[in-house]
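Positions 8 to 304 (our numbering) are the ones given, in order, by the sequence shown. For glycine and all other residues, C-beta sits at the position ideal for the given N, C-alpha and C. Here the structure comes first, spelled out in structure tokens, and everything after it is commentary.
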Amino acid sequence: MYHEVQEGDFHVNSIRLKLIITVHDQNHVETLQANLNFNSEPINSKIMIYQLNHIEKQSYIPDIVNRDYRTASVFRKYGIDFCCGAKLPLEAACNIRGIDADAVKDDLERVTQNLTVSNMLRFDKWGLGFLADYIVHIHHDYLRAILPEAMESLKSFTKGHQKKYGYLLELTDIFCSLANEMLVHIAQEEEVIFPYIKQIEHAYENRESYASLLVRTLSKPVEDMRTHEHEVIVRSLNRIRELTNNYESPANACTSHKVNLLTLEEIDNDLIQHLHLENNILFPKAIKMEQELLQHR
Ligand SMILES: [Fe+2]
Ligand SMILES: [Fe+2]
């Protein structure tokens with residue numbers, strides 16, 4: 008039993024590809040069949056892609072979390088312990104609490120799906136308004152979703168483990184300050200900076216007469232954000248990396264310890280891409296546009 012998802016012909020340079028993508032529901036296997044015609048000689052290949060995030064209800068909870076730390080947030084949501092004392096299979100733990108194990112399993116598989124953004128994307132070719140919207144929907148929304156939970160988790164872990172691990176107090180202080188500053192920072196970008204950048208782009212493209220007035224009133228906040236606030240973020244990230252030895256768990260660290268460090272590493276990776284888009288593409292291009300507008304006012 009399967010249902011067909013997509014079928015079509017694609018041309019890449021001189022190569023004709025016929026792609027049929029099918030999904031087998033029962034065993035979670037996706038089949039990608041590609042018939043390639045290259046210089047009139049057909050080549051057939053069949054590639055099997057296994058869905059790696061399939062979770063069994065009989066799996067033990069610590070094993071699920073150790074295999075993918077992102078599942079910890081689902082167990083927290085349902086109030087299921089996943090650390091030191093949790094030695095139950097998923098289904099048994101759900102039955103004890105009267106929770107639908109299938110719903111938990113669905114949530115676990117959803118959070119472990121990998122969504123990747125190809126580095127072939129040419130962010131530098133995008134319009135500034137579109138790039139600003141991308142940053143808001145991909146990076147700002149991500150931070151709003153993860154930072155409160157990450158702060159809560161780290162604070163509660165530190166409370167019980169600070170005597171054993173001396174670095175946790177400073178780590179929690181720095182991370183929580185950074186997280187709270189980030190939440191203010193992204194709100195300011197969305198309320199003031201990004202709308203301004205969109206006005207600059209619009210004025211630039213349409214050669215509008217009031218553009219120079221906007222430039223003079225709002226160019227300084229953009230520069231402050233780019234130089235001062237982003238530098239503070241990078242300094243905090245550097246200290247967090249030092250304190251955690253680049254997010255390496257200490258020997259014999261428990262599952263919660265590993266989950267906290269891996270979550271911080273994920274946030275670090277996202278922030279690096281976020282700051283890159285703003286520092287190296289969005290802001291320099293906006294500043295270049297405003298300088299040109301000022302010259303021609
Ligand atoms: Fe941002
Ligand atoms: Fe920013």
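- Please go through the same chain and pick out, in chain order, the residues whose beta-carbon is closer than 6 Å to the beta-carbon of Lys295, but skip the five residues on each side of it. none
- Starting from Asn213 and walking both ways along the alpha helix (DSSP H), at which residues does that stretch end? 201–213
- Decide if Phe82 is buried, meaning its Cβ has at least 16 other Cβ atoms within 10 Å, or exposed. By the 10 Å Cβ count, Phe82 comes out buried.
- Limits of the unbroken alpha helix (DSSP H) element including Glu236: Where Glu236 is concerned, there is no enclosing alpha helix (DSSP H), given that its DSSP letter is neither H nor E.
- Message: If you measure between the beta carbons of Arg233 and Phe290, is that distance less than 8 Å?
- Response: yes
- Query: Nearest-angstrom Cα distance between Ile103 and Leu97?
  - Reply: 10 Å
- Message: Nearer than 7 Å: is that true of the beta carbon of His168 relative to any heavy atom of ligand 2?
- Response: no
- Message: Nearer than 7 Å: is that true of the beta carbon of Asn196 relative to any heavy atom of ligand 1?
- Response: The sequence as given places Glu at residue 196; Asn does not occur at that position. Distance from the C-beta of Glu196 to the nearest heavy atom of ligand 1 is below 7 Å.
- Message: For the pair the region 147–164 and the region 181–198, tell me if three or more CB-CB distances fall below 8 Å.
- Response: yes
- Got a sec: does ligand 2 put a non-hydrogen atom nearer than 7 Å to the Cβ of His237? At a cut-off of 7 Å, the beta-carbon of His237 counts as near ligand 2: some heavy atom of the ligand is closer than that.
- Exposed unless 16 or more other CB atoms sit within 10 angstroms - verdict on Asn46: Note that Asn46 has pLDDT 39, beneath the 50 cutoff, so the model's placement of it is unreliable and no number is given.
- Message: Counting C-beta neighbours from all protein chains within 10 Å, is the total for Val124 16 or more, i.e. buried, or is it exposed?
- Response: exposed
- Task: May I ask which residues mark the beginning and end of the alpha helix (DSSP H) holding Lys170?
- Result: Per DSSP, Lys170 lies in no alpha helix (DSSP H) segment and is marked neither H nor E.
- Whole-angstrom Cβ separation of Leu185 and Ser243, contact assumed at under 8 Å? 4 Å
- Message: Could you pull the DSSP bridge partners for Pro96 from this structure?
- Response: Tyr67
- Item | Test item: CB-CB of Ile274 and Ala152 under 8 Å | no
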